[in-house]
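Report on the following structure.
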Amino acid sequence: MKIASFNINGIKARLPALMDWLDEAQPDVAILQEIKSIDENFPREVFEDKGYNVATHGQKSFNGVALLSKLPLEDVTRGLPGDDDDEQARYIEATVVGDHAVRICGLYLPNGNPVPGPKYDYKLAWMDRLRARAEDLLAEEMPFLMAGDYNIIPQPEDAARPQDWIEDALFRPESREAWRKIVNLGLTEAFRVRNQAPEHYTFWDFQRGAWQRNDGIRIDHFLLSPECADLLTDCQIDKEVRGREKPSDHVPIWINLAA
DNA sequence: ATGACAATCAGAGATTGA
């Protein structure tokens with residue numbers, strides 16, 4: 005089963021690029037972030053015409069996540085538990101059942117800049133809620149994965165210019181510590197278990213010719229539960245998508261599971 | 001030190017992103 009994550013930076017602006025990539029990559033499941041759309045305006049029919057089931061958790065203008073799946077999306081839940089006052093659409097879960105049942109958690113983790121400030125406090129609190137959710141899922145012993153735009157640069161080798169990010173919410177020590185607290189529950193970071201080389205990125209800023217200079221960062225990740233990691237056979241980044249017409253600033257990352 | 005670039009909503013320019 006091929007499962008991909010892609011921060012599309014606006015479904016309306018990105019629909020042609022997204023359709024081209026779907027046709028080529030043929031993921032069984034696509035986890036989308038930053039749809040920047042309310043549920044009613046998401047063009048679900050064009051995906052249904054390609055054989056995908058669609059579940060969205062959108063909001064006006066910003067954020068918004070969605071799941072596309074060729075297998076039925078079962079037990080869909082929207083929103084990250086732990087704060088009933090959180091209005092931001094950043095989290096969705098569903099179960100897909102192939103050879104194994106896998107709980108798919110799609111997330112768009114807050115950016116957190118500027119540091120310090122309320123946005124950074126929200127990011128760290130959100131990461132603590134994500135850790136709590138991972139603990140609950142681990143206790144259930146069902147294969148699960150948490151994938152999406154984490155807005156976290158895990159290590160210096162995950163940035164072309166790590167010194168530029170030292171004061172940034174994506175790379176601050178507190179951010180990376182919160183990331184490690186989640187990983188160290190016993191999750192597997194899919195890309196790094198398959199590939200330890202530097203200079204593999206998933207985001208290049210639109211500004212300053214970042215793509216042309218390969219000034220990128222690796223911030224889109226798959227975390228796998230132990231049962232899910234046992235099924236991992238591949239993890240790749242579709243880098244070339246960034247060089248196309250009207251690209252997102254992120255590119256897809258995908259895994260293959262023997263499931 | 002600032003802005004650079006892109007998207008959204010709205011119908012100009014502020015806000016957000018990373």
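Residue numbers for the first sequence follow this note's numbering, so the first one is 5 and each next one is one higher.
The beta carbon of each residue, even a glycine, is placed where N, CA and C say it ideally should be.
On a predicted model such as this, the values are computed, not experimentally measured, just so you know.
Let me confirm a value: residue i is counted as buried when at least 16 other C-beta atoms fall within 10 Å, else exposed. Which label applies?
{"i": "Gly116", "result": "buried"}
{"i": "Gln37", "result": "buried"}
{"i": "Pro160", "result": "exposed"}
{"i": "Asn67", "result": "buried"}
{"i": "Val197", "result": "exposed"}
{"i": "Gly62", "result": "buried"}
{"i": "Arg94", "result": "buried"}
Judging by CA-CA distance, which residue of the options is the nearest neighbour of residue i?
{"i": "Asn13", "options": "Phe226, Ala233, Cys232 and Asp209", "result": "Asp209"}
{"i": "Pro158", "options": "Lys6, Thr206 and Leu141", "result": "Thr206"}
{"i": "Asn218", "options": "Arg165, Glu181 and Pro177", "result": "Arg165"}
{"i": "Phe10", "options": "Asn155, Thr99 and Gly121", "result": "Asn155"}
{"i": "Phe51", "options": "Asp242, Ala143, Ile35 and Arg184", "result": "Ile35"}
{"i": "Ala263", "options": "Ser65, Val100, Gly55 and Glu249", "result": "Val100"}
{"i": "Ile108", "options": "Asp27, Met131, Ala29 and Leu141", "result": "Leu141"}
{"i": "Asp90", "options": "Trp25, Ala129 and Ala59", "result": "Ala129"}
Please check the pair residue i and residue j, which I expect to be a contact at CB under 8 Å, by giving their CB distance rounded to whole angstroms.
{"i": "Ala182", "j": "Val119", "result": "Contact doesn't hold; Cβ gap of about 13 Å is too wide."}
{"i": "Leu134", "j": "Thr192", "result": "Not confirmed; about 16 Å, so no contact."}
Rounded to a whole number of angstroms, what is the C-alpha to C-alpha distance between residue i and residue j?
{"i": "Asp32", "j": "Met5", "result": "6 Å"}
{"i": "Asp238", "j": "Ala194", "result": "8 Å"}
{"i": "Asp79", "j": "Ala98", "result": "6 Å"}
{"i": "Ala136", "j": "Ile186", "result": "9 Å"}
{"i": "Tyr112", "j": "Glu144", "result": "23 Å"}
{"i": "Arg18", "j": "Pro251", "result": "7 Å"}
{"i": "Gly110", "j": "Thr81", "result": "11 Å"}
{"i": "Ile221", "j": "Gly152", "result": "14 Å"}
{"i": "Asp162", "j": "Pro202", "result": "6 Å"}
{"i": "Asp168", "j": "Asp53", "result": "44 Å"}
{"i": "Pro256", "j": "Asp88", "result": "31 Å"}
{"i": "His254", "j": "Gly86", "result": "28 Å"}
When you measure from the CB of residue i to every non-hydrogen atom of the ligand GTP, does any distance come out below 7 Å?
{"i": "Glu44", "result": "What this structure holds is no ligand at all, so the ligand GTP is not there to describe."}
Check your understanding: Pairing CB atoms from the stretch 141-150 with CB atoms from the stretch 72-87, are three or more of them under 8 Å?
Key -> With a cut-off of 8 Å, the stretch 72-87 and the stretch 141-150 do not count as touching, because too few Cβ pairs lie within range.
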